[in-house]
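Worksheet: the structure to be examined is printed underneath.
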Amino acid sequence: MRRTDYPAVDSLLQQPNLDATLKQIGGKVIAQQRLTPEEGLILFEKGELGFLGALANHVRERLHGHKTYFNRNFHIEPTNVCVFACKFCAYSRLYKNREEGWELSTEEMLDIVKKYDGQPVTEVHIVGGVHPKMNMEFFMDLMRKIRAHRPDLHIKGFTAVELDYMFRKAKVSVQEGMKLMNEAGLQSMPGGGAEIFHPDIRAQICHDKVDADGWLEIHKTAHELGMVTNATMLYGHVEQYHHRIDHMERLRQLQDQTHGFNTFIPLKFRNKDNEMSNIPETSIVEDLRLYAISRLYMDNFPHLKAYWPMLGRNTAQLTLAFGVNDLDGTIDDTTKIYSMAGAEEQRPSLSTAQLAMLIKQAGRRPVERDTVYNEIKDYTDEVFTDEELVGAK
């Protein structure tokens, strides 16, 4: 479905067969009034795809027009060795089985950074397993060396799960730990490790890592230091609709306090090679409904991102008609986290031209951004050569 297929939202609400409760909720969305948790749950229970999409697209275009953001980034994954045993994870290897995984040295990670010398990348994204030997000092040293080599490169790194373990091992408070990491070069944080905040679900899928309160405290502290962060939600496994609303509500409340979140990123559970492989994955229709409801409910989050390596290019294009205004970055085949779990993209890499064309094909305006959403270049009128578009779909 392309954005031009939608009826005007005003006429949508006049449809005679529209549920009265949905009509009331739609009216609140148009009037820019906040939805309650009960109304969010009703959208999950009753909202049909076309209705949700029309409302989410209305909000998306009110906020961003047709702009769709991306950045030029690459990932460093220091290790997939991890002290935690999350049931949904196909990526990590327990420390006792570390010979099955990888562990990069500081020099090897600096070599990855140096590979991009002279290239217009703006962000390095550092995230991986929680390795007991890779402590705070190890990563502070790495960041100092990255900053010394390339001071213009924005360092986004470390989930709250990684940081919580580092701080506890170093016997420092969250406030002290975040301050030290920030001073060493950490400029922003990704949103990973949030999974589902509700304790009943967390106990089932990731019982031994930082809980919701701990995750939120680390992000709140980052915001208080002037850092921006993202937030994720892992959906489509054992959670129910009310668990999703509980998760989004906790994020929305913290955002009201700090205004430090840039982006909300729903992450689809993939069931390959993990302890939850018996659980079927959600359909594309359910994925799109989730993105649309996220855009409607998360009214204080400026951006909604679809992580294209996890969804695949075609589905990521579809999300642009369901509230999404960001497709992440070029990645350059530097992440294995989702490919190892059976994601659509097994070699996730797109050139700038390919990613811009992906956005254009969905009827949107591709705009390159930096990590904090300063606009770098609008590619709407850019003409790409066949050579630049090799491999684009």
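Under the numbering used here, the first residue of the sequence shown carries the number 1, and numbering increases by one thereafter. For glycine and all other residues, C-beta sits at the position ideal for the given N, C-alpha and C.
Can you tell me where the beta strand (DSSP E) holding residue i begins and where it ends?
i	result
residue 135	Where residue 135 is concerned, there is no enclosing beta strand (DSSP E), given that its DSSP letter is neither H nor E.
residue 230	228 to 235
residue 369	365 to 369
residue 328	326 to 329
residue 125	123 to 126
residue 267	261 to 268
residue 376	375 to 378
residue 155	154 to 157
Out of the options, which has the shortest C-alpha to C-alpha gap to residue i?
i	options	result
residue 244	198, 390 and 278	198
residue 162	190, 155, 184 and 153	190
residue 53	295, 382, 222 and 268	295
residue 370	133, 24 and 156	156
residue 233	306, 188 and 29	306
residue 208	317, 153, 289 and 82	82
residue 17	48, 138 and 29	48
residue 280	77, 235 and 321	235
residue 213	174, 204, 239 and 240	174
residue 376	120, 248 and 254	120
residue 19	31, 30, 45 and 36	45
residue 290	278, 248 and 254	248
residue 37	15, 297, 166 and 256	297
residue 138	203, 105 and 151	105
residue 265	193, 210, 204 and 211	193
residue 9	55, 211, 357 and 32	55
residue 154	133, 134 and 182	182
residue 32	50, 51 and 60	60
Less than 9 Å between the beta carbons of residue i and residue j, yes or no?
i	j	result
residue 62	residue 352	no
residue 231	residue 261	yes
residue 220	residue 258	yes
residue 69	residue 314	no
residue 216	residue 252	no
residue 237	residue 269	yes
residue 57	residue 323	yes
residue 319	residue 287	yes
residue 284	residue 317	no
residue 188	residue 160	no
residue 22	residue 41	no
residue 354	residue 327	no
residue 136	residue 113	no
residue 131	residue 103	yes
residue 186	residue 158	yes
Apart from the five residues on each side of it in sequence, which residues of its chain come closer than 6 Å, Cβ to Cβ, to residue i?
i	result
residue 246	198
residue 184	140, 143 and 144
residue 385	none
residue 362	317 and 320
residue 25	39
residue 67	365 and 367
residue 372	228
Apart from the five residues on each side of it in sequence, which residues of its chain come closer than 8 Å, Cβ to Cβ, to residue i?
i	result
residue 27	13
residue 110	142, 145, 146 and 149
residue 277	271
Got a sec? Which residues, its chain only, sit under 7 Å from residue i by beta carbon, not counting five neighbours each side?
i	result
residue 116	74
residue 374	none
residue 129	79, 80, 81, 82 and 92
residue 335	Caution applies to residue 335, whose pLDDT of 43 falls short of 50 and renders its modelled position unreliable; the value that the coordinates give is listed next. So the list reads 75, 77, 309 and 348, once near-sequence residues are dropped.
residue 201	238, 239 and 243
residue 255	261, 300 and 301
residue 164	210, 214 and 218
residue 204	238
residue 134	78 and 79
Hey, could you find the ends of the alpha helix (DSSP H) residue i is sitting in?
i	result
residue 29	20 to 30
residue 174	174 to 184
residue 107	106 to 114
residue 279	No alpha helix (DSSP H) contains residue 279, which DSSP labels as neither H nor E.
residue 68	Premise fails: residue 68 lies in the beta strand (DSSP E), 67 to 71, not in any alpha helix (DSSP H).
residue 243	241 to 258
residue 208	That residue, residue 208, is in no alpha helix (DSSP H); it is neither H nor E in DSSP.
residue 214	212 to 224
residue 34	Here residue 34 belongs to no alpha helix (DSSP H), and DSSP marks it neither H nor E.
residue 11	9 to 12
Check whether the Cβ of residue i lies closer than 8 Å to any heavy atom of the ligand HEM, and answer yes or no.
i	result
residue 143	Among the ligands in the structure shown, none appear at all, so the ligand HEM cannot be discussed.
Using beta carbons (cut-off 9 Å, strictly below), is residue i in contact with chain B?
i	result
residue 327	The chain inventory of the structure shown lacks chain B, comprising one protein chain alone.
Handout entry: Validate contact between the segment 269 to 281 and the segment 295 to 305 using beta carbons, cut 8 Å, 3 pairs
Key = When C-beta atoms of the segment 269 to 281 are compared with those of the segment 295 to 305, fewer than three pairs fall below 8 Å, so the two segments do not count as touching.
Handout entry: Three-pair Cβ contact test at 8 Å for the segment 216 to 236 versus the segment 178 to 189
Key = Pairwise C-beta distances place the segment 216 to 236 in contact with the segment 178 to 189, as three or more of them are shorter than 8 Å.
Practice task
Pair every Cβ in the segment 122 to 131 with every Cβ in the segment 141 to 158, then say whether three or more of these pairs are closer than 8 Å.
Solution key: Verdict: yes, contact present.
Practice task
Evaluate contact between the segment 377 to 386 and the segment 354 to 368, counting only Cβ atoms and requiring at least three cross-stretch pairs below 8 Å.
Solution key: Yes, the segment 377 to 386 touches the segment 354 to 368.
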